[in-house]
Amino acid sequence: MPPTEASPCCTRVFVTSLSGCLISVQRRVDDSTSFDRSWAEYAAGFGPGPHSNHWIGLRSLNSLTWPSGRQLRIRMRLWNDMEYWANYSSFSVDSEDNKFQVSISGFSGSSGLGDCMGRCNGMKFSTFDSDNDIYSESCSAKYKGGWWYDACHCTNPNGLYFYSPTALNTAPVFAKSVCWSNPFGYYYSMKEFEMLLL
Numbered sequence: 006m007p008p009t010e011a012s013p014c015c016t017r018v019f020v021t022s023l024s025g026c027l028i029s030v031q032r033r034v035d036d037s038t039s040f041d042r043s044w045a046e047y048a049a050g051f052g053p054g055p056h057s058n059h060w061i062g063l064r065s066l067n068s069l070t071w072p073s074g075r076q077l078r079i080r081m082r083l084w085n086d087m088e089y090w091a092n093y094s095s096f097s098v099d100s101e102d103n104k105f106q107v108s109i110s111g112f113s114g115s116s117g118l119g120d121c122m123g124r125c126n127g128m129k130f131s132t133f134d135s136d137n138d139i140y141s142e143s144c145s146a147k148y149k150g151g152w153w154y155d156a157c158h159c160t161n162p163n164g165l166y167f168y169s170p171t172a173l174n175t176a177p178v179f180a181k182s183v184c185w186s187n188p189f190g191y192y193y194s195m196k197e198f199e200m201l202l203l
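Counting with our numbering, you get residues 6 to 203 for the letters of the sequence shown.
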């Protein structure tokens, strides 16, 4: 089924064949779009759009989720085309004045999948030019993406995109990929990764 414009149940956004009527706020499908971006770019949003690589923007996330929260669904596709889902019953992003601090809870997911977003709860967003993590260095500069890093991450959806999941087993790329470490580890890079609001 080809991508279509917003249907009656999704009046403000584009929808995809994979996401149905969910709002796609982040997606990775290849390396054509860099996610190693500035605070201003993460705040405003970037990328070609929901059918390709994109980030909806932290200001949009704030307006869509704050203060009541929304459900968040994360879809991951491995290189063997198996899909895994992580669901969170409550997800909200505070204002720019509070550095887009995230509140997230209520994990459930595919069998064997661990909660990698839980440690983001209460964290402020960080980019290479706005370090708001709790690490002695800049997690964003070190791991090549903007995210709600603590010290530093369990998942790195906005990290570097690699085409081979097995060519990453070298120290220089440890944890820099589009990874979900529980249970896949810090060297496995996802084929696709998408964050969706219900």
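Using N, Cα and C, we set each Cβ at its ideal position, and we do this for glycine too.
Legend entry - For Asn92: DSSP bridge partner residues: The partner list for Asn92 (beta bridge, DSSP) reads Arg78 and Ser113.
Inset, instruction - Kindly indicate which three-state DSSP category Val34 falls into: helix, strand or coil? - result: Coil, per DSSP.
Legend entry - CB contact flag (Ser94, Gly111, <8 angstroms): Their beta carbons are under 8 angstroms apart, which means Ser94 touches Gly111 by this criterion.
Inset, instruction - List the DSSP bridge partners of Phe179. - result: The partner list for Phe179 (beta bridge, DSSP) is empty, contrary to what the question assumes.
Inset, instruction - Give the straight-line distance between the Cα atoms of Gly74 and Leu202, rounded to the nearest whole angstrom. - result: Computed Cα separation, rounded: 10 angstroms.
Inset, instruction - Taking the CB atoms as reference points, tell me whether Met128 and Tyr89 lie closer together than 8 angstroms. - result: In this structure, the beta-carbon distance from Met128 to Tyr89 does not fall below 8 angstroms.
Legend entry - Member of His158, Gly151 and Tyr191 whose CA lies at the smallest distance from the CA of Phe167: That would be Tyr191, whose Cα lies nearest to the Cα of Phe167.
Legend entry - Neighbourhood of Cys15 by C-beta, 6 angstroms cutoff - its chain only, sequence neighbours within 5 removed: With a pLDDT of 43 at Cys15, under the threshold of 50, the predicted position of this residue should be treated as unreliable, and no value is reported.
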